[in-house]
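Take 338 as the starting number for the sequence shown in my numbering and just add one per residue. Quick notes on the structure that follows.
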Amino acid sequence: MQQLQTEPHVFLPGSTIGILGGGQLGRMTILAGRALGYRFVVLDPVADAPAAQVADRQIIAPYDNRTAARELAEAADVITYEFENVDAAVAAVLERESVVPQGSALLHTTQHRLREKRAIQATGAAVTEFCAVRSERELVDAAEKFQWDAFLKTTTGGYDGKGQWRITPEADVSAMWADVLAHLGSLAAKADSEPEPLIVERRVPFVCEISVVVARSTRGEIRSLPVVENIHRNGILHQSIVPARIPPEVALKALAAAENIALGLNMVGTLAVEMFVTADGEVLVNELAPRPHNSGHWSIEASVTSQFEQHLRAILGLPLGDTTLLTPVVMVNLLGQHVERLDHWLERLPTWAKLHLYGKADAKQNRKMGHITLLNSIEQALDWTEKSAIWTP
Ligand code: AMP
Numbered sequence: 338m339q340q341l342q343t344e345p346h347v348f349l350p351g352s353t354i355g356i357l358g359g360g361q362l363g364r365m366t367i368l369a370g371r372a373l374g375y376r377f378v379v380l381d382p383v384a385d386a387p388a389a390q391v392a393d394r395q396i397i398a399p400y401d402n403r404t405a406a407r408e409l410a411e412a413a414d415v416i417t418y419e420f421e422n423v424d425a426a427v428a429a430v431l432e433r434e435s436v437v438p439q440g441s442a443l444l445h446t447t448q449h450r451l452r453e454k455r456a457i458q459a460t461g462a463a464v465t466e467f468c469a470v471r472s473e474r475e476l477v478d479a480a481e482k483f484q485w486d487a488f489l490k491t492t493t494g495g496y497d498g499k500g501q502w503r504i505t506p507e508a509d510v511s512a513m514w515a516d517v518l519a520h521l522g523s524l525a526a527k528a529d530s531e532p533e534p535l536i537v538e539r540r541v542p543f544v545c546e547i548s549v550v551v552a553r554s555t556r557g558e559i560r561s562l563p564v565v566e567n568i569h570r571n572g573i574l575h576q577s578i579v580p581a582r583i584p585p586e587v588a589l590k591a592l593a594a595a596e597n598i599a600l601g602l603n604m605v606g607t608l609a610v611e612m613f614v615t616a617d618g619e620v621l622v623n624e625l626a627p628r629p630h631n632s633g634h635w636s637i638e639a640s641v642t643s644q645f646e647q648h649l650r651a652i653l654g655l656p657l658g659d660t661t662l663l664t665p666v667v668m669v670n671l672l673g674q675h676v677e678r679l680d681h682w683l684e685r686l687p688t689w690a691k692l693h694l695y696g697k698a699d700a701k702q703n704r705k706m707g708h709i710t711l712l713n714s715i716e717q718a719l720d721w722t723e724k725s726a727i728w729t730p
């Protein structure tokens, strides 16, 4: 297990930070870091990636290219990543040849749903009921166990609702299994490296979904952003509302669970903890993301310190910043289908809307293209979102 450094190295402004991954999370991290006077080099396979557009330099290569990883290590004083599926061999190269304050142990844990759930349970937090599944027979057994009201999920590589199937009494299990096999390529071929390729989870009849973005620095300091309420559409985050409309004791429970997990997993950097809240106020952890998260984007305008600045402070050995909420806020995602009529609605945004676009050329269906932060009362912000034509199918 990676230990906290007793005398953490402080990377002062002027240092160069390497980022593995060139997406919007990297882009917003760089924009925060630039204000503090840092330089950035990004590794991403796609030229002119969102983060590369605002970085000092881009290394264009696949994420699992060890030579490119070495080049990144050489160019940067300190390295971070903006996604969790970092190749293990590349992580080893980076740790050996540069400084990766976050380490790679937590990546290993969060890359696999079962490992992740077991690690969360070990910190004392509650998770959704689950069981591992390896065959169609075991899938039927699991479905029975959860009264045919459950989710089948791949243990690796799933995001934004991908690699997920809904189990209901009407579900055709054989067709589902065939689809799973197609999705996994070949279950048999993967069986050696992935002994537990699938998981079935009981459906939680949640009253709301929430998340906590917690940062822990190389000095051991911990600070969370306020609890966020999240609304998903088709498995993709649609809206984040802060403060979450939950009783204060439930919010305290969620914050305590997130901070315990950060401590229990010896995390350095930023961790997003996604949770379900049940009708009786129980908080169940759904999943973790060991990086800044979509549900924390509102913090750029509405927190004294944004999740991106806090992440940098945590890994650079700086004191963490205040996370006081400056104003109630609603963040709404802009997907590919929402930016088609950008020219039309750009004219009609309220003055209290802050627009973020990630510089992606291709506006594909369901691709995250940007977000809008609404700095008004939650009622006004939700009312405007509801009436706006932007998110109307
Ligand atoms: P995930 O990829 O696990 O974050 O799932 C995406 C979304 O699917 C979640 O944010 C929930 O809205 C829904 N979901 C996933 N698992 C469950 C569950 N066990 N019970 C209820 N809803 C779920």
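Ideal placement from N, C-alpha and C gives every residue a C-beta, glycine not left out.
Residues near residue i by beta carbon distance below 6 Å, same chain, minus five either side
i, result
"residue 701", "673"
"residue 529", "With a pLDDT of 45 at residue 529, under the threshold of 50, the modelled position of that residue is not reliable, and the figure given next carries that caveat. Here the set comprises nothing."
"residue 682", "727"
"residue 384", "397"
"residue 668", "577, 634, 635, 708 and 710"
"residue 431", "406, 410, 416 and 437"
"residue 678", "none"
"residue 545", "566 and 614"
"residue 649", "370"
"residue 447", "421, 453, 625 and 627"
"residue 483", "539"
"residue 344", "none"
"residue 590", "620"
Contact check, residue i vs residue j, beta carbons under 7 Å
i, j, result
"residue 627", "residue 443", "yes"
"residue 412", "residue 378", "yes"
"residue 450", "residue 492", "yes"
"residue 606", "residue 346", "no"
"residue 588", "residue 647", "no"
"residue 565", "residue 632", "yes"
"residue 355", "residue 416", "yes"
"residue 708", "residue 670", "yes"
"residue 463", "residue 621", "yes"
"residue 543", "residue 615", "yes"
"residue 324", "residue 536", "What the structure shows of the chain is the stretch from 338 to 730, and residue 324 is not part of that stretch, so it cannot be assessed."
"residue 498", "residue 572", "yes"
"residue 539", "residue 487", "yes"
"residue 421", "residue 362", "no"
"residue 460", "residue 597", "yes"
Own chain partners of residue i with C-beta closer than 7 Å, once the 5 adjacent residues on each side are dropped
i, result
"residue 643", "369, 636 and 637"
"residue 424", "400 and 401"
"residue 374", "350 and 351"
"residue 663", "639, 640 and 641"
"residue 689", "711, 712 and 713"
"residue 389", "359, 379, 381 and 395"
"residue 477", "510"
"residue 302", "Only positions 338 to 730 of the chain appear in the structure, and residue 302 is not among them; the question remains open."
"residue 392", "367, 377, 378 and 379"
"residue 524", "Residue placement at residue 524 cannot be trusted, given a pLDDT of 47 that sits under 50; the coordinates are not used to answer."
Rounded Cβ spacing between residue i and residue j (contact assumed at less than 8 Å)
i, j, result
"residue 600", "residue 559", "7 Å"
"residue 592", "residue 549", "6 Å"
"residue 452", "residue 695", "With a Cβ gap of about 30 Å, residue 452 and residue 695 do not count as contacting."
"residue 541", "residue 645", "Actually they do not touch by this definition, with Cβ atoms about 30 Å apart."
"residue 287", "residue 515", "Only positions 338 to 730 of the chain appear in the structure, and residue 287 is not among them; the question remains open."
"residue 665", "residue 580", "7 Å"
"residue 471", "residue 534", "7 Å"
"residue 583", "residue 439", "Not quite, the Cβ-Cβ distance comes to about 30 Å (not below 8 Å), so this is no contact."
"residue 480", "residue 457", "Between residue 457 and residue 480 the Cβ distance is about 24 Å, and since that is not below 8 Å, they are no contact."
Sequence-distant residues of its chain with Cβ nearer than 8 Å to residue i (five each side left out)
i, result
"residue 586", "618"
"residue 675", "706, 727 and 728"
"residue 720", "none"
"residue 687", "711, 713 and 721"
"residue 661", "640 and 641"
"residue 703", "497, 571, 573, 672, 673 and 674"
"residue 494", "422 and 500"
Residue-chain proximity (residue i, chain D), Cβ-Cβ < 7 Å
i, result
"residue 605", "Checking the listed chains, one finds no chain D in this structure; it contains a single protein chain."
**OP:** Output the residue ranges of the alpha helix (DSSP H) runs that lie fully inside the segment 481-543 and measure 4 residues or longer, sorted by chain position.
**Re:** 510-521 and 524-527
Subject >> Length-filtered (4 minimum) alpha helix (DSSP H) runs lying within the segment 580-643 >> reply: 585-601 and 636-639
**OP:** Within the segment 660-691, note down every full alpha helix (DSSP H) run reaching 4 residues or more, in order along the chain.
**Re:** 679-683
**OP:** Go through the segment 351-431 residue by residue and report every complete run of the beta strand (DSSP E) that reaches 3 residues or more, in order.
**Re:** 353-357, 376-381, 394-397 and 415-418
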